[in-house]
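Chemist: Would you mind keeping the following structure in view while I ask a few things?
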Amino acid sequence: MAEKRTHGDSSPDCFYVSKTTTRSNLQLSSGKCMRRLAESSINVRENLPKSKLNGNQSSELPFGCKESDLSRELTMDEINKLISSCIFFVNKKKAYIVFYHYNNYLMRTYCNMMNKLSNTFIELASKHGIPEEVREKHWKECNEALTYDLMYMNDSAMKYFYFFVKERMFYLKFREFLIRCKEHWIATIQRNEQKWSKFLYDLVINYKSIEGKGDIPKGSISTGASSNRHQCNERKKYKRKVVESKYTAKRNNNQKNEQKKTF
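Residue numbers for the sequence shown, in full-length UniProt numbering: 1 to 263.
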(Lines of atoms letter the chains of each structure in order from A and count residues from 1; the text may use other names and numbers.)
(Lines give C-alpha, C1' and ligand atoms only; values in the text may rest on other atoms or scores of the structure.)
Protein backbone atom coordinates (compact mmCIF):
# COMPACT_ATOMS: atom_id res chain seq x y z
CA MET A 1 0.00 0.00 0.00
CA ALA A 2 1.05 3.59 -0.51
CA GLU A 3 2.54 5.48 2.36
CA LYS A 4 1.50 9.00 3.30
CA ARG A 5 3.69 11.62 4.85
CA THR A 6 2.85 15.12 5.99
CA HIS A 7 5.14 18.14 5.84
CA GLY A 8 3.84 20.48 8.53
CA ASP A 9 0.85 22.24 7.01
CA SER A 10 1.41 20.80 3.56
CA SER A 11 -0.88 18.36 1.87
CA PRO A 12 -0.81 14.82 3.29
CA ASP A 13 -1.08 13.38 -0.20
CA CYS A 14 2.67 12.90 -0.56
CA PHE A 15 3.67 9.40 -1.51
CA TYR A 16 7.18 8.15 -1.04
CA VAL A 17 9.16 4.95 -1.33
CA SER A 18 10.74 3.45 1.74
CA LYS A 19 14.50 3.73 1.49
CA THR A 20 15.00 0.21 2.80
CA THR A 21 13.95 -2.95 1.02
CA THR A 22 13.46 -6.37 2.59
CA ARG A 23 16.33 -7.60 4.71
CA SER A 24 17.61 -10.96 3.55
CA ASN A 25 20.60 -13.28 3.78
CA LEU A 26 22.82 -10.77 2.01
CA GLN A 27 23.01 -7.13 3.11
CA LEU A 28 25.70 -4.48 3.07
CA SER A 29 25.94 -0.77 2.38
CA SER A 30 25.82 0.31 -1.27
CA GLY A 31 29.07 1.02 -3.11
CA LYS A 32 30.82 0.88 -6.43
CA CYS A 33 28.27 -1.36 -8.21
CA MET A 34 26.11 1.71 -8.92
CA ARG A 35 28.76 3.14 -11.23
CA ARG A 36 29.13 -0.14 -13.12
CA LEU A 37 25.38 -0.52 -13.46
CA ALA A 38 25.02 3.02 -14.79
CA GLU A 39 27.07 1.98 -17.81
CA SER A 40 24.71 -0.86 -18.71
CA SER A 41 21.32 0.28 -17.41
CA ILE A 42 18.80 2.16 -19.48
CA ASN A 43 18.12 5.85 -18.96
CA VAL A 44 14.53 7.01 -19.09
CA ARG A 45 15.27 9.69 -21.64
CA GLU A 46 16.66 7.14 -24.10
CA ASN A 47 13.05 6.04 -24.67
CA LEU A 48 11.73 9.49 -25.48
CA PRO A 49 10.00 9.68 -28.86
CA LYS A 50 11.74 11.51 -31.68
CA SER A 51 9.88 14.03 -33.78
CA LYS A 52 10.66 16.52 -36.51
CA LEU A 53 11.40 20.06 -35.39
CA ASN A 54 11.64 22.86 -37.94
CA GLY A 55 12.03 20.31 -40.68
CA ASN A 56 15.05 18.64 -39.10
CA GLN A 57 15.07 15.25 -37.38
CA SER A 58 15.95 15.85 -33.73
CA SER A 59 15.33 14.59 -30.25
CA GLU A 60 12.55 16.57 -28.59
CA LEU A 61 11.44 16.31 -25.00
CA PRO A 62 7.73 15.43 -24.72
CA PHE A 63 4.85 17.64 -23.65
CA GLY A 64 6.88 20.85 -23.86
CA CYS A 65 9.34 19.84 -21.15
CA LYS A 66 12.70 21.59 -20.96
CA GLU A 67 16.07 19.99 -20.25
CA SER A 68 16.18 21.90 -16.96
CA ASP A 69 12.95 20.17 -15.89
CA LEU A 70 14.58 16.75 -16.06
CA SER A 71 18.33 17.19 -15.74
CA ARG A 72 18.63 17.39 -11.95
CA GLU A 73 18.39 14.34 -9.70
CA LEU A 74 15.65 15.01 -7.14
CA THR A 75 15.40 13.69 -3.61
CA MET A 76 12.22 11.99 -2.44
CA ASP A 77 11.27 15.09 -0.45
CA GLU A 78 11.53 17.20 -3.59
CA ILE A 79 9.47 14.67 -5.53
CA ASN A 80 6.82 14.73 -2.80
CA LYS A 81 6.61 18.50 -3.11
CA LEU A 82 6.10 18.13 -6.86
CA ILE A 83 3.30 15.66 -6.27
CA SER A 84 1.62 17.80 -3.62
CA SER A 85 1.77 20.83 -5.95
CA CYS A 86 -0.54 19.10 -8.43
CA ILE A 87 -4.03 20.57 -8.52
CA PHE A 88 -7.41 19.02 -9.32
CA PHE A 89 -6.51 18.66 -13.00
CA VAL A 90 -2.94 17.62 -13.91
CA ASN A 91 -1.64 18.70 -17.31
CA LYS A 92 0.55 16.33 -19.31
CA LYS A 93 3.74 18.33 -18.87
CA LYS A 94 3.46 18.38 -15.08
CA ALA A 95 2.48 14.70 -15.04
CA TYR A 96 5.50 13.75 -17.12
CA ILE A 97 7.95 15.72 -14.94
CA VAL A 98 6.58 14.09 -11.79
CA PHE A 99 6.57 10.62 -13.35
CA TYR A 100 10.07 11.03 -14.77
CA HIS A 101 11.63 11.90 -11.41
CA TYR A 102 9.51 9.38 -9.51
CA ASN A 103 10.40 6.55 -11.87
CA ASN A 104 14.09 7.50 -11.76
CA TYR A 105 13.99 7.42 -7.96
CA LEU A 106 12.52 3.91 -8.07
CA MET A 107 15.23 2.88 -10.53
CA ARG A 108 17.88 4.15 -8.11
CA THR A 109 16.25 2.13 -5.34
CA TYR A 110 16.57 -0.95 -7.55
CA CYS A 111 20.24 -0.12 -8.21
CA ASN A 112 20.90 0.24 -4.49
CA MET A 113 19.56 -3.27 -4.02
CA MET A 114 22.02 -4.50 -6.67
CA ASN A 115 24.82 -2.69 -4.84
CA LYS A 116 24.08 -4.54 -1.62
CA LEU A 117 24.02 -7.90 -3.38
CA SER A 118 27.31 -7.25 -5.15
CA ASN A 119 29.18 -5.95 -2.11
CA THR A 120 27.99 -8.71 0.21
CA PHE A 121 28.72 -11.43 -2.34
CA ILE A 122 32.27 -10.10 -2.72
CA GLU A 123 32.74 -10.05 1.05
CA LEU A 124 31.37 -13.55 1.66
CA ALA A 125 33.16 -15.05 -1.34
CA SER A 126 36.47 -13.62 -0.14
CA LYS A 127 35.95 -15.04 3.35
CA HIS A 128 35.29 -18.50 1.89
CA GLY A 129 38.30 -18.41 -0.42
CA ILE A 130 36.37 -18.41 -3.71
CA PRO A 131 38.70 -17.40 -6.59
CA GLU A 132 38.04 -14.02 -8.16
CA GLU A 133 37.43 -15.48 -11.64
CA VAL A 134 34.78 -17.84 -10.25
CA ARG A 135 33.16 -15.02 -8.30
CA GLU A 136 33.10 -12.73 -11.34
CA LYS A 137 31.62 -15.45 -13.53
CA HIS A 138 28.63 -16.02 -11.28
CA TRP A 139 28.10 -12.37 -10.42
CA LYS A 140 27.97 -11.69 -14.16
CA GLU A 141 25.09 -14.15 -14.46
CA CYS A 142 23.27 -12.44 -11.60
CA ASN A 143 24.04 -8.93 -12.86
CA GLU A 144 22.78 -9.65 -16.39
CA ALA A 145 19.46 -11.01 -15.09
CA LEU A 146 18.97 -8.09 -12.70
CA THR A 147 19.87 -5.51 -15.35
CA TYR A 148 17.45 -7.10 -17.81
CA ASP A 149 14.66 -6.80 -15.23
CA LEU A 150 15.64 -3.18 -14.58
CA MET A 151 15.37 -2.29 -18.27
CA TYR A 152 12.13 -4.24 -18.62
CA MET A 153 10.58 -2.48 -15.62
CA ASN A 154 11.61 0.94 -16.90
CA ASP A 155 10.26 0.22 -20.38
CA SER A 156 6.98 -1.09 -18.95
CA ALA A 157 6.57 1.96 -16.72
CA MET A 158 7.21 4.30 -19.64
CA LYS A 159 4.68 2.53 -21.88
CA TYR A 160 2.15 2.52 -19.04
CA PHE A 161 2.57 6.27 -18.59
CA TYR A 162 2.05 7.07 -22.28
CA PHE A 163 -1.07 4.91 -22.25
CA PHE A 164 -2.28 6.65 -19.09
CA VAL A 165 -1.88 10.24 -20.40
CA LYS A 166 -4.06 9.58 -23.43
CA GLU A 167 -7.04 10.49 -21.28
CA ARG A 168 -7.80 13.57 -19.21
CA MET A 169 -5.94 13.35 -15.89
CA PHE A 170 -7.39 14.24 -12.54
CA TYR A 171 -5.20 14.45 -9.47
CA LEU A 172 -6.68 11.43 -7.68
CA LYS A 173 -6.36 9.29 -10.79
CA PHE A 174 -2.77 10.41 -11.30
CA ARG A 175 -1.98 9.66 -7.66
CA GLU A 176 -3.37 6.13 -8.07
CA PHE A 177 -1.18 5.69 -11.13
CA LEU A 178 1.92 6.62 -9.12
CA ILE A 179 0.91 4.23 -6.33
CA ARG A 180 0.58 1.33 -8.78
CA CYS A 181 3.90 2.26 -10.34
CA LYS A 182 5.58 2.24 -6.93
CA GLU A 183 4.00 -1.05 -5.86
CA HIS A 184 5.11 -2.73 -9.07
CA TRP A 185 8.70 -1.54 -8.64
CA ILE A 186 8.92 -2.43 -4.94
CA ALA A 187 7.45 -5.91 -5.53
CA THR A 188 10.07 -6.53 -8.23
CA ILE A 189 12.88 -5.20 -6.03
CA GLN A 190 11.88 -7.39 -3.08
CA ARG A 191 11.38 -10.48 -5.23
CA ASN A 192 14.74 -10.10 -6.98
CA GLU A 193 16.58 -9.30 -3.76
CA GLN A 194 15.26 -12.45 -2.10
CA LYS A 195 15.82 -14.64 -5.16
CA TRP A 196 19.39 -13.54 -5.91
CA SER A 197 20.38 -13.25 -2.24
CA LYS A 198 19.58 -16.92 -1.85
CA PHE A 199 21.29 -17.81 -5.13
CA LEU A 200 24.56 -16.06 -4.21
CA TYR A 201 24.45 -17.16 -0.58
CA ASP A 202 24.02 -20.81 -1.61
CA LEU A 203 26.89 -20.57 -4.07
CA VAL A 204 29.20 -19.43 -1.30
CA ILE A 205 28.03 -21.98 1.27
CA ASN A 206 28.10 -24.91 -1.17
CA TYR A 207 31.41 -24.05 -2.80
CA LYS A 208 33.74 -25.91 -0.44
CA SER A 209 31.53 -28.99 -0.32
CA ILE A 210 31.90 -29.51 -4.07
CA GLU A 211 34.26 -32.32 -5.08
CA GLY A 212 37.68 -31.02 -6.01
CA LYS A 213 36.69 -27.52 -4.90
CA GLY A 214 36.49 -26.61 -8.57
CA ASP A 215 34.08 -24.35 -10.35
CA ILE A 216 30.61 -23.89 -8.97
CA PRO A 217 28.07 -25.86 -11.02
CA LYS A 218 25.56 -23.70 -12.84
CA GLY A 219 22.12 -23.80 -11.29
CA SER A 220 23.34 -24.66 -7.80
CA ILE A 221 20.68 -22.52 -6.19
CA SER A 222 19.24 -24.64 -3.42
CA THR A 223 21.11 -25.20 -0.17
CA GLY A 224 19.96 -28.81 -0.50
CA ALA A 225 22.14 -29.37 -3.56
CA SER A 226 25.10 -30.60 -1.52
CA SER A 227 22.88 -32.88 0.55
CA ASN A 228 21.27 -34.38 -2.55
CA ARG A 229 24.68 -34.99 -4.10
CA HIS A 230 25.83 -36.74 -0.92
CA GLN A 231 22.73 -38.96 -0.86
CA CYS A 232 23.27 -39.88 -4.51
CA ASN A 233 26.88 -40.88 -3.80
CA GLU A 234 25.80 -42.95 -0.82
CA ARG A 235 23.23 -44.80 -2.93
CA LYS A 236 25.91 -45.58 -5.51
CA LYS A 237 28.24 -46.92 -2.81
CA TYR A 238 25.44 -49.09 -1.42
CA LYS A 239 24.63 -50.55 -4.83
CA ARG A 240 28.32 -51.23 -5.42
CA LYS A 241 28.56 -53.08 -2.10
CA VAL A 242 25.48 -55.16 -2.92
CA VAL A 243 26.97 -56.20 -6.26
CA GLU A 244 30.31 -57.01 -4.65
CA SER A 245 28.68 -59.08 -1.91
CA LYS A 246 26.68 -61.06 -4.48
CA TYR A 247 29.83 -61.68 -6.51
CA THR A 248 31.74 -62.80 -3.38
CA ALA A 249 28.94 -65.17 -2.34
CA LYS A 250 28.80 -66.68 -5.83
CA ARG A 251 32.57 -67.14 -5.88
CA ASN A 252 32.53 -68.85 -2.47
CA ASN A 253 29.79 -71.23 -3.61
CA ASN A 254 31.80 -72.15 -6.69
CA GLN A 255 34.85 -72.84 -4.53
CA LYS A 256 32.80 -75.10 -2.23
CA ASN A 257 31.45 -77.04 -5.22
CA GLU A 258 34.96 -77.53 -6.56
CA GLN A 259 36.11 -78.85 -3.17
CA LYS A 260 33.21 -81.36 -3.09
CA LYS A 261 34.16 -82.65 -6.54
CA THR A 262 37.76 -83.32 -5.46
CA PHE A 263 36.52 -85.48 -2.57
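Every residue gets a Cβ at the ideal spot worked out from N, C-alpha and C, and that includes glycine.
Helix or strand or just coil, what does DSSP make of Phe-88?
Modeler: Three-state result, Phe-88: coil.
Chemist: Use the C-beta contact count for Leu-172: other C-beta atoms within 10 angstroms, 16 or more gives buried, fewer gives exposed.
Modeler: Classification of Leu-172: exposed, given that the 10 Å Cβ count is below 16.
Chemist: Could you tell me which residues DSSP puts in a beta bridge with Phe-121?
Modeler: According to DSSP, Phe-121 bridges with nothing at all.
Chemist: Apart from the five residues on each side of it in sequence, which residues of its chain come closer than 6 Å, Cβ to Cβ, to Arg-235?
Modeler: A caution first: Arg-235 carries a pLDDT of 49, below 50, which makes its placement in the model too unreliable to give a value.
Chemist: What is the rounded straight-line gap between the Cα of Gly-129 and the Cα of Val-90?
Modeler: Computed Cα separation, rounded: 56 Å.
Chemist: Could you tell me which of Lys-92, Cys-65, Glu-73 and Met-76 sits nearest to Arg-168, measuring between CA atoms?
Modeler: Considering only alpha carbons, the answer is Lys-92.
Chemist: Determine the closest residue to Lys-140 out of Arg-191, Met-114 and Ile-189, with distance taken between C-alpha atoms.
Modeler: Lys-140 has its Cα closest to that of Met-114, out of Arg-191, Met-114 and Ile-189.
Chemist: Using 8 Å as the Cβ pair cut-off and three pairs as the minimum, do the segment 198-206 and the segment 116-132 touch?
Modeler: Touching, per the Cβ criterion.
Chemist: I believe Phe-174 touches Cys-86 by the beta-carbon criterion, under 8 Å. Please report the beta-carbon distance rounded to the nearest angstrom.
Modeler: That pair is a contact at about 7 Å.
Chemist: With a threshold of 6 Å on Cβ separation, who are the neighbours of Ser-51 within its own chain once the five nearest residues in sequence on each side are excluded?
Modeler: Since pLDDT at Ser-51 reaches only 32, below the 50 mark, its modelled position is unreliable, and the value read off the structure follows with that caveat. Closer than 6 Å at Cβ, skipping near neighbours: Glu-60.
Chemist: I need the straight-line Cα distance from Trp-185 to Asn-112, nearest angstrom please.
Modeler: Rounded to the nearest angstrom, the two C-alpha atoms are 13 Å apart.
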